[in-house]
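S.K.: One structure, pasted below without further comment.
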Amino acid sequence: MPTKPEASTDSRAGTPSGDDPVLRVDDVGIHFALRGSGFARLLGRDTGVVRAVDGVSLDLQRGEVLGLVGESGSGKTTLGRALLGLVEATSGSITHHPGDGAPATDIAALHGRALRRHRTKLQMVFQDPHAALNPSMDIETAVGHPLVIHRRASGAELHERVVAALERVGLAPAEQFLAKYPSDLSGGQKQRAVLARAIILDPEVLVADEPVSMLDMSVRAKILQLMLDLKADLGLTYVYITHDLATAKFFCDRVAIMYLGKVVEIGPTAEIFANPRHPYTQALLKAIPDMDPTTVMGRDAPRGEIPDAARPPRGCSFHPRCPVARADCGWEPRDLKALVEQHWTRVPIADYERERALLGGLSDLDHSEHRAVVKPRGGSVADVGAVFDRIRDEKAGEPLWQGVTATRATADGLVFEFADATAVPLRPSGISEVACVRYPLAGDPAELGAEAGRQEHGPRQVVESPG
Amino acid sequence: MTAPVVDATDLRIWYGTPRGPVRAVDGVSFSVGRGEILGLVGESGCGKSTLGRGLLGLLPEGAKMDGHLGFKGEDLLAMTPKERFQRRGRDLAMIFQEPLTRLNPLMRISEHFVETLRTHHPKMSAAEIENRSLEVLRLIGIPPSRWKSYPHEFSGGMRQRLMIALALVLRPAFVVADEPTTALDVLVEAQIIKILHDLRENFDTSLLLITHNLGIIAEACDRVAVMYAGKIVEIGDARTVFADPKHPYTRELLRSTITLATDGLHSIPGAPPDLVAPPTGCHFHPRCPDAMEVCRLREPAIRARGGGPVMVGSNDVACWAATPEGLTAGETAPLVREELSVADEA
Amino acid sequence: MKILLAPFRNTTGMARWLLVSGLALVALFVVMAVFAPWLAPYGFAQNSVDGVKFEKLVPPGPGHPFGTNDLFYDVLSRVIWGSQTALVVVLLSVVLSALIGVPLGLLSGYVGGRTDRVLVLIMDALYAFPSLLLAIVFGFLLKSVLPSGVVAAALSLTVIYIPQYFRVVRNTAVSAREATYVEAARALGASNSTIMRRYLFSNVIQSVPVIGTLNAADAISTLAALGFLGLGIQPQEAAEWGFDLSRAMDDAASGIWWTGLFPGIAIVLLVTGLTLVGEGLNETVNPTLRKRRFSAVVLPPAAVPSGSATGSTTGAEGAAS
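Residue numbers (this note's numbering), protein chains in the order written: chain A, 1 to 467; chain D, 1001 to 1346; chain X, 2001 to 2321.
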């Protein structure tokens, strides 16, 4: 059975643990301006910015496979595209250090022809194999087109190189595939053709954006195996973007977990999976369905969903969903509103109607200031206080209340004061780096980080070996 | 044992195309009991989505269905289209894959519910509609304060919950969920699967969960049916099938699935067959590691695992290698076949 | 080329009927146009033979199957030569408008930004004018500038059709530029012009044949209208159906029917033929009109494979034998 090549016996230029970065990402931010309503634009008002990537720094070591793991909206896809310059970085730099001793260049600063020339060294594999190939180009033309664009080959030599690339990706005999069109191929075959097209220029780095998530289970293994073989044969470095932790665990040397534009945890694969530190990482691991039907359904997902990137939560972006949040994680009035709405899903409709009549639609809680004022719409401030007391009593361990420093009844309404948020950059904790106020823990960081991970993570799952 | 809510026997759904009829579903038999969750798993092109739609009568023009399809004892295929239409929504409901495209962006949530309820209960008052809908929304976890919102104001996971709520507000006895979480993130998927799993407690609904994700099946389903090339190759209790899969395809599928415990890649050689002209005998024989001579000649009989009669709710498998009783020595000899060429790989 | 011809081959059913009958009609006129010198008994401006002048307004009969008109010309010859004029002018104008409209649309759709906004504004303005009015204006302007009436007519028609190609190609390009394969092309390092030429072009022109044929139909009648108003081609220069119709108006009052009927029928038939071709193509190319081609299927009686029965235990034993 084919297995993942061991890191130590692999023949690659440089080792992943050494310090030989082929790409250095330095505080990259990618912001998109929102097109607000016409009225707002007319008045020239700032209509908001989506921080798709918000201050990410990491190094891609030559010869390694770095996983960018996150859900939709995490910014992993945008970051991946920025590595190739397909998306312009608003700030920061992405420096490429070529392996052949050529000078380093900042991809984020390149434009036009210089950028296009650089695309020979960095290539991309896309998620949807059905859409990544031009429907009106046959396979020979499509796979050979990079050579034509960059004037590397023509005529007979072009043909030979295309055939060689096709055979290398397993589309053999190549002659059978040269004249076919994408619509004649299956999903797996298309993805192979996309890989052939990506490697034909002999690139250094391949950014793979969910290369197997749209393929069937039995085909995924084939394509992943192919990618591993290509890496070994051609000395490639991969950035593997995915939301599927299981394939990331198998495929990657290091894993970076992203949430709402930031890297929240990064470290060697074994460590991330054995001792996940960040609560989001722990939640992701718990959320992977257990293949053993005899275990009872255990996945309790954190509440809520990934928030709107245009209005990220204050402080730590994960705090509204975090089961172990603290006072200084950035609590804000919007969290209070979410709490009331959740409360309303639990109480009978009659109670909901009554409370709603009292509190109104809570639209005045839709902001991120330090203080929230809840005005009673049809009742007294004391009634409002009673409602919140009830909410508080319903769920004792609700982390939000730790973030409320003071509650006062004033003439305007009930006032809640929120605690300041502590800024949290990526900090080392053991052999990983985590962006969470809880780490590094006092005492031996590696030990305690591991302890916390094991307690909250749950039992390991084992695939039953067939009889 | 109570009678099954849905039982299908030798169901076939074929499409006509210029090349010939596509045998999307080719003789499928199964049953779903009350409050039971049956998982239907298979890779793309195996016919599971077609089967799901066929159960509700949502097939496109040109598709023909035959066989026996019973719902609470009535024969659905013998009914007139009008009678089937009446049952759709009220007794048989469907949850689709992409929640965004299935909700009307111009209608508020309240209007969606009004439309759904009024279609089947024209006399229901507005107040009762609102009450019933808010009840369902509450159970699904959508705050009642969002009653007047539009679909685009909800996130993907919330929209899928809305779809589920819309399907359930009529209290159908049987729901088909076609890849309900494929388009959703894994954390949201966990929430949705929990909701579906708890359906039977809250609503006593039977569920057919169609997916290609074996993990979800293991989590949420009581029984599982594995489909390949238009046929069910193995069906039975989820625990039994996962612990001891009898059909080679089920085994290979389980082994190919990448989980956190995977330390080696495994795949099935070859590619799924063309449904216009599938291989003779057992459709899986060109790719099967256990193929025998008889597998090429005759379609395997559906038999109960471990002997015994095939009954409703039993664990069955359609494989000569798994149930070789009664075969001659010549038939059980390993199949000699040409090597799958590399060009046939998926 | 394959892309352009594909819709012709893919038609079925009703669409095929439309297409085939339309093509038959158009073929008739194409034959007339190509073989005009041999088919027409006389030249289009010929009013005498062997020195003997034709008679004026002779009803259809021997020697003049369609009769003669008030300029002493043979009507049949005028009709046949007229098809040549019509097809030449229309072909010229449709091809020219496509040659201008398609690249502009592609550029505008792909590049976006200010270029796009300016071009769309211009094209929308052109499109907003009633086409006949625009053709008349251009016809007027060009008549004095250009010596050849045929070319002037062709050019006046060109302008009114450019916006249609522009719009359709631009809209398709705007959605196609978001496609993954276009992003893939950028990732390969392709320049913008390469992307537009190799990746977008073939994928945005599926609608062009449909628009072309429908434009051609419209152009025939617009040309005839121009000729009718005397702004088109002079009778000595070439035969033109619209011009003949305008002369025939007065004749109708006096009961002379042949000078107007035959040119009129010619116009109607050619326009109808081209429209049928266009609609037939449209059914195929336009996905919203196209019905899924699922043919009827007859399920053979369920073969009872050994043992595949419902709940029967004997089936299993029946397998062996």
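Yeah, the Cβ is synthetic: ideal placement off N, Cα and C, and Gly gets one too. Being a predicted model, the structure only gives us computed values, none of them experimental.
Out of curiosity, what's the CA-to-CA distance linking residue 74 (chain A) and residue 355 (chain A)?
M.R.: Taking the straight line from one Cα to the other gives about 36 Å.
S.K.: Do you know offhand how far residue 1012 (chain D)'s Cα is from residue 2119 (chain X)'s?
M.R.: Using only the alpha carbons, I get a separation of about 55 Å.
S.K.: Using beta-carbon positions only, say whether residue 50 (chain A) and residue 34 (chain A) come within less than 8 Å of one another.
M.R.: In this structure, residue 34 (chain A) lies closer than 8 Å to residue 50 (chain A) by Cβ.
S.K.: Beta carbons nearer than 7 Å to chain X: which residues of the stretch 176 to 191 of chain A have them?
M.R.: Answer in chain order: no residues at all.
S.K.: If residue 290 (chain A) sits next to residue 1215 (chain D), beta carbons under 8 Å apart, how far is it from one beta carbon to the other, in whole angstroms?
M.R.: Contact holds; Cβ gap of about 7 Å.
S.K.: Whole angstroms is fine: what's the gap from residue 137 (chain A)'s alpha carbon to residue 145 (chain A)'s?
M.R.: Spanning the two alpha carbons is a distance of roughly 10 Å.
S.K.: To the nearest angstrom, report how far apart residue 2206 (chain X) and residue 180 (chain A) are at their CA atoms.
M.R.: Answer to the nearest angstrom: the Cα atoms are 20 Å apart.
S.K.: Can you give me the start and stop residues for the alpha helix (DSSP H) that residue 155 (chain A) sits inside?
M.R.: Unbroken alpha helix (DSSP H) run through residue 155 (chain A): 155 to 168.
S.K.: If I follow the unbroken alpha helix (DSSP H) through residue 118 (chain A), where does it start and stop?
M.R.: Element bounds for residue 118 (chain A): 112 to 118.
S.K.: Could you check how far apart the C-beta atoms of residue 1231 (chain D) and residue 1291 (chain D) are, in whole angstroms? I think they sit under 8 Å.
M.R.: Between residue 1291 (chain D) and residue 1231 (chain D) the Cβ distance is about 16 Å, and since that is not below 8 Å, they are no contact.
S.K.: Which residues in the same chain have their Cβ closer than 7 Å to the Cβ of residue 1159 (chain D), if we skip the five residues on either side of it in sequence?
M.R.: 1099, 1100, 1103 and 1151.
S.K.: Would residue 109 (chain A) be called buried (16 or more neighbouring beta carbons within 10 Å of its own) or exposed?
M.R.: Exposed, because fewer than 16 other Cβ atoms sit within 10 Å of the Cβ of residue 109 (chain A).
S.K.: Report yes or no: is there a C-beta of chain A within less than 8 Å of the C-beta of residue 2180 (chain X)?
M.R.: By this cut-off, residue 2180 (chain X) is an interface position.
S.K.: Whole angstroms are fine: how far does the CA of residue 98 (chain A) sit from the CA of residue 122 (chain A)?
M.R.: Roughly 10 Å between the two C-alpha positions.
S.K.: Throw me the rounded Cβ distance for the residue 199 (chain A) and residue 156 (chain A) pair, which I believe falls under 8 Å.
M.R.: Their Cβ separation, rounded to whole angstroms, is 20 Å, which puts residue 199 (chain A) and residue 156 (chain A) out of contact at 8 Å.
S.K.: Does residue 2191 (chain X) come within less than 8 Å of chain A when only Cβ atoms are used?
M.R.: Closer than 8 Å: yes.
S.K.: Tell me whether residue 83 (chain A) sits in a helix, a strand or coil according to DSSP, three-state version.
M.R.: Helix, per DSSP.
S.K.: Going along the chain, which residues of its own chain have a beta-carbon closer than 6 Å to the beta-carbon of residue 104 (chain A), five neighbours each way excluded?
M.R.: Only 95 and 97 meet the Cβ criterion.
S.K.: Just to confirm my understanding: we take residue 454 (chain A), look at its own chain, exclude 5 residues before and 5 after, and list those with CB closer than 8 Å. What are they?
M.R.: Summary for residue 454 (chain A): the model assigns pLDDT 45, below 50, so the residue's position carries little reliability; its value from the coordinates is reported in the next sentence. Cβ within range, chain order: 275.
S.K.: Within this structure, are the beta carbons of residue 2226 (chain X) and residue 2280 (chain X) separated by less than 8 Å?
M.R.: Going by C-beta atoms, residue 2226 (chain X) is not nearer than 8 Å to residue 2280 (chain X).
S.K.: Below 6 Å CB to CB, which residues in the same chain sit around residue 468 (chain A) once its five sequence neighbours on both sides are set aside?
M.R.: Given that chain A is displayed from residue 1 to residue 467, the structure contains no residue 468 (chain A) and the question cannot be resolved.
S.K.: Quick one, are the C-beta atoms of residue 1097 (chain D) and residue 1017 (chain D) less than 8 Å apart?
M.R.: Cβ atoms of residue 1097 (chain D) and residue 1017 (chain D): not closer than 8 Å.
S.K.: Against chain D, does residue 288 (chain A) count as a neighbour if the rule is that its beta carbon must be under 8 Å from one of theirs?
M.R.: Yes, because at least one Cβ of chain D sits closer than 8 Å to the Cβ of residue 288 (chain A).
S.K.: So residue 2082 (chain X) packs on residue 2266 (chain X), CB below 8 Å; how close in whole Å?
M.R.: Right, the Cβ-Cβ distance comes to about 6 Å (below 8 Å), so this counts as a contact.
S.K.: Which stretch, first to last residue, makes up the alpha helix (DSSP H) that contains residue 2077 (chain X)?
M.R.: Looking at the DSSP string, the run of the alpha helix (DSSP H) that includes residue 2077 (chain X) is 2075 to 2111.
S.K.: For residue 475 (chain A), count neighbouring C-beta atoms within 10 Å of its own C-beta (all shown protein chains included) and say buried if the count is 16 or more, exposed if not.
M.R.: Outside the modelled stretch of chain A, which goes from 1 to 467, sits residue 475 (chain A), for which no answer is possible.
S.K.: Is it buried or exposed for residue 2099 (chain X), if we count other Cβ within 10 angstroms and need 16 for buried?
M.R.: Residue 2099 (chain X) should be labelled exposed.
S.K.: Please report the straight-line C-alpha distance between residue 71 (chain A) and residue 306 (chain A), rounded to a whole angstrom.
M.R.: Taking the straight line joining both Cα atoms gives about 8 Å.
S.K.: Would you mind telling me which residues of chain A sit closer than 9 Å to residue 2134 (chain X), beta carbon to beta carbon, in chain order?
M.R.: Result: empty, since nearest Cβ-Cβ is about 32 Å, beyond 9 Å.
S.K.: Specify the secondary structure class of residue 21 (chain A) as computed by DSSP and reduced to three states.
M.R.: Three-state result, residue 21 (chain A): strand.
S.K.: Enumerated in chain order, which unbroken segments of the beta strand (DSSP E) with a length of 3 residues or greater are wholly contained in the stretch 246 to 325 of chain A?
M.R.: Entirely contained in the stretch 246 to 325 of chain A, the beta strand (DSSP E) runs reaching 3 residues are, in chain order, 254 to 259 and 262 to 268.
S.K.: Evaluate contact between the stretch 2157 to 2165 of chain X and the stretch 2186 to 2203 of chain X, counting only Cβ atoms and requiring at least three cross-stretch pairs below 8 Å.
M.R.: Flag = no, the stretch 2157 to 2165 of chain X and the stretch 2186 to 2203 of chain X do not touch.
S.K.: Under 8 Å, CB to CB, which of the residues in the stretch 1174 to 1195 of chain D have a partner in chain A?
M.R.: Answer set for the stretch 1174 to 1195 of chain D: 1185, 1186, 1187, 1188, 1189, 1190, 1191, 1193 and 1194.
S.K.: Nearest to residue 1275 (chain D) by CA position, among D:1078, D:1021 and D:1009, is which residue?
M.R.: The shortest Cα separation from residue 1275 (chain D) among D:1078, D:1021 and D:1009 belongs to D:1021.
S.K.: Would you say residue 128 (chain A) lies against chain X (beta-carbon separation less than 8 Å)?
M.R.: It does: the Cβ of residue 128 (chain A) has a partner Cβ on chain X nearer than 8 Å.
S.K.: Would you kindly check if the distance between the Cβ of residue 1044 (chain D) and the Cβ of residue 128 (chain A) is under 8 Å?
M.R.: The answer is no: Cβ separation not under 8 Å.
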